[in-house]
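Below is one structure, written out as structure tokens; the observations come after it.
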Amino acid sequence: MESKWDPVGGARADDALLDAYSASVTGAVARVAPAVAHLRIVDKRRGVGADREGSGSGFLITPDGYLITNSHVAGGAASIEVTLSDGRTASAEVVGDDPDSDLAVLKVAAPDLAWCRFGDSRKVRVGQIAVAIGSPYGFQHTVTAGIVSGLGRSMRARTGRLLDNVLQTDAALNPGNSGGPLVDARGEVIGVNTAVVVAAQGICFAIASATAERVAVALIREGHVRRAWLGVGGETVPLARRIVRHFDLARESGVRVDLVEPSSPATAAGLARGDIIVALDETPIGDVDELQRALGADAIGRRAVFRVLRRDTLVTLAAILDERRRRAR
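Residues 1 to 329 in the UniProt record's numbering are what the sequence shown spells out, letter by letter.
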């Protein structure tokens, strides 16, 4: 039996798909928008003269007023004014600021607050709906929609530390969107909007909700995020093939130590300038980012064993890792 194209039926099917997509986006916005806020920042720069004003976005994550945004939006603020979705304005204070993850938590002084729920960014799939809400260029509660276009991306915080498991989206983000939520079709937060590739169209990034939730909990409880501290400065360098083969190394590069801080775990361990770190315990270290990942909170106070190349000799050194010193803002 010959099948025929039914233009009327096909159009109806297309309309149904568009209606379903629209319903997903509008439903997600309805659930999240009441918890999204516009932030007006007064940034006091010492020795510069007049205070600087800026703006950004954020969203409430608890009914008692804790709000998450980007560190580059709120870090170092002299004062913060929050405009809520119902038009109310309130002051906010920085509870904790973590430049290494580009996240900050504020406490908003206002009653009867809506709040967002975190989704599980580990279950996010490429191609699923992604909706961004924020205040680009001061246009409050602007909504853009797209898809999750990439997973497991990496980008650098302004401190130089690598952020892992970043989400890529083509939902349009612009200055002022920073700190706002990226949500799925259920209205659950899957990311914190943070960056745009200026030279490209449709390439934007959000810090995954798994990272944001973990950092937010730490900032609320302790005011900072704990990380281990070794006390070295260094850079990634390639290794000679003969060295890699001779010592059966897992990486073809390592981290050359260029600076050893005094009174640090590195000093106590005997690390010296020119040493090349190639492993920490059983974890191969091929670059600075792998070394940073290995120095998490669970490493604080632990005895760490380093394998180090020193003048074509592989030596083993041990250090008790301290907690990383917090930067003054």
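A virtual CB, placed ideally from N, CA and C, is assigned to each residue, including glycine.
Buried or exposed: where does residue i fall if 16 or more other Cβ atoms within 10 Å of its Cβ makes it buried?
i, result
"I320", "exposed"
"Q201", "exposed"
"E53", "exposed"
"P63", "exposed"
"G231", "buried"
"L259", "exposed"
"T316", "exposed"
"T142", "buried"
"G301", "exposed"
"V42", "exposed"
"V126", "exposed"
"D298", "exposed"
"P99", "buried"
"A304", "buried"
"S209", "buried"
"P265", "buried"
"H246", "exposed"
"E235", "exposed"
"T69", "buried"
"A328", "Its pLDDT being 49, under 50, A328 is placed unreliably by the model, and the measurement read from it follows with that caveat. That one is exposed."
"A77", "buried"
"T283", "exposed"
"E290", "buried"
"A92", "buried"
"T26", "exposed"
CB residue i to CB residue j, shorter than 8 Å?
i, j, result
"L103", "V192", "yes"
"R226", "G119", "no"
"A90", "A74", "no"
"P238", "N177", "no"
"L167", "V196", "no"
"S101", "L163", "yes"
"A37", "V82", "yes"
"residue 330", "V124", "The structure shown has nothing for residue 330, since the chain only spans 1 to 329."
"V288", "V255", "yes"
"G188", "R122", "Here residue 188 turns out to be Glu, not Gly, going by the sequence shown. Going by C-beta atoms, E188 is not nearer than 8 Å to R122."
"G96", "H224", "yes"
"T169", "A206", "yes"
"Q292", "R161", "yes"
"I243", "D322", "no"
"S55", "G138", "yes"
"L106", "G152", "no"
"residue 370", "G296", "In the structure displayed, the chain extends from 1 to 329; residue 370 sits before or after that span and is not available."
"H72", "R156", "no"
"G179", "L39", "yes"
"P34", "S85", "yes"
"L271", "V257", "yes"
Put residue i into one of helix, strand or coil per three-state DSSP.
i, result
"D184", "coil"
"H224", "coil"
"G49", "Reliability of the predicted coordinates at G49 is poor, the pLDDT of 49 falling under 50, and the value obtained from them is presented with this limitation in mind. Correct three-state label for G49: coil."
"T26", "helix"
"D86", "coil"
"R307", "strand"
"P284", "strand"
"D322", "strand"
"S101", "coil"
"L295", "coil"
"L312", "What sits at residue 312 in the sequence shown is Asp, not Leu. Coil, per DSSP."
"T69", "strand"
"T211", "helix"
"R40", "strand"
"R329", "With a pLDDT of 48 at R329, under the threshold of 50, the modelled position of this residue cannot be trusted; read the value that follows with caution. In the structure shown, R329 sits in coil (DSSP, three-state: anything other than H, G, I, E or B)."
Are the C-beta of residue i and some C-beta of chain B separated by less than 8 Å?
i, result
"D100", "Protein chains in the displayed structure number just one, and chain B is not present."
Please tell me whether, using a cut-off of 7 Å, the distance from the CB of residue i to the nearest non-hydrogen atom of the ligand GDP is below it.
i, result
"I41", "The ligand GDP is absent from the structure shown, which contains no ligand whatsoever."
Whole beta strand (DSSP E) runs in the segment 229-281 with 3 or more residues, listed along the chain?
The beta strand (DSSP E) runs of length 3 or more contained entirely in the segment 229-281 are, from start to end of the chain, 232-238, 253-260, 276-280.
For the segment 271-286 against the segment 298-312, are there 3 or more C-beta pairs whose distance is under 8 Å?
Segments in contact, yes.
Please give the ranges of any beta strand (DSSP E) in the segment 106-180, keeping only runs that are unbroken, at least 3 residues long and fully inside the region.
129-134, 142-156, 162-169
For the 8 Å Cβ check, are there 3 or more pairs between the segment 168-184 and the segment 124-144?
Enough Cβ pairs lie closer than 8 Å, so yes.
Contact between the segment 162-175 and the segment 21-30 (3+ Cβ pairs under 8 Å):
no
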